[in-house]
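Residue numbers (the working numbering): -6 to 170.
Ideal Cβ positions, reconstructed from N, Cα and C, are used throughout, including at glycine.
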Amino acid sequence: MAKRKFRLNEKEANELLSAYQQAKDGPTRTRYQAVRLYGLGYPTREVLDITGCSRPSLMEWCRAYRRHGLTGLVDGRHGGNRAKLSSDQIDELQERLHGSTPKELFGAEAASPTGEFWTVTDLQRAVQAWYGVSYQSRVSYTQLFARCGFSYQRPAKVFKSRRPSQVAEFEEMLEKN
């Protein structure tokens, strides 16, 4: 069995503990904790169970800590969908969305019955057609809507089988009463 070469002295362990307690970012906190526990001699299996990380990640974090100190453990990920559209493209998309309706763009194939309002499905099709970009998650499209100044509106419940003549009669009856 190989002997562990990565050990922390008391100063390093305290530095990692302090950074862990002050960190607000979850992934960065996990890295601080994993490296500290591993460097204090906790069994690898126990460190993996406590932090939920994989062994290769733990080893990479330990190397990063040795090379760069605490800054090597800061989570620098920005997400895969972030850079798919530039800020100029998002500004252009905002203008296009506010200047047209899904019905104008897709005709009868718009996702909503009237085609007056943008839906996630319509946005997905429009972004694919205009920019050749598709996101993996529906949440990315709702966030894109928010960046373009749109808010979420719950659709009205309308029965597709209702008859307009009966609705008109019912509304007349309500007005009379």
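If you drop the 5 nearest sequence neighbours on each side, which residues of the same chain put their C-beta closer than 8 Å to that of Q87? So the list reads R140, C141 and G142, once near-sequence residues are dropped.
Leaving out the 5 sequence neighbours to the left and right, which residues in its chain are closer than 7 Å to C46 when beta-carbon positions are compared? The residues are T23 and A27.
Three-state class that DSSP yields for A122 in the structure shown: Helix at A122.
Under 8 Å between C-beta atoms of L63 and A12: In this structure, the beta-carbon distance from L63 to A12 falls below 8 Å.
Using three-state DSSP, classify R59 as helix, strand or coil. Secondary structure of R59 (DSSP, three-state): helix.
Taking Cβ to Cβ, would you say W54 is nearer than 8 Å to L66? Result yes, Cβ atoms of W54 and L66 sit closer than 8 Å.
For G92, the nearest candidate out of L78, S79, E109 and T21 (CA to CA): Nearest to G92 by C-alpha distance, out of L78, S79, E109 and T21, is E109.
Closest residue to L98 among I83, Q82, K77 and V120 (Cα-Cα distance): L98 has its Cα closest to that of V120, out of I83, Q82, K77 and V120.
Span separating the alpha-carbon of S154 from that of S105: Using only the alpha carbons, I get a separation of about 16 Å.
Assuming K77 and V126 form a contact by the criterion Cβ under 8 Å, report the distance between their Cβ atoms to the nearest whole angstrom. Taking C-beta atoms under 8 Å as the contact rule, K77 and V126 qualify, at a distance of about 5 Å.
So V67 is in the alpha helix (DSSP H); what residue range does that whole segment cover? Careful: V67 lies outside any alpha helix (DSSP H) and carries neither H nor E.
Between R48 and the rest of its own chain, which residues show a CB-CB distance below 8 Å, the 5 nearest in sequence each way excluded? Spatial neighbours of R48 in its own chain (CB-CB distance under 8 Å, excluding positions within 5 residues in sequence) are listed in chain order as T37 and L41.
Y128 to D115 span [Cα, whole Å]: Those two C-alpha atoms are separated by around 13 Å.
Which of helix, strand or coil DSSP assigns to L1: In this structure, L1 counts as coil in the three-state DSSP scheme.
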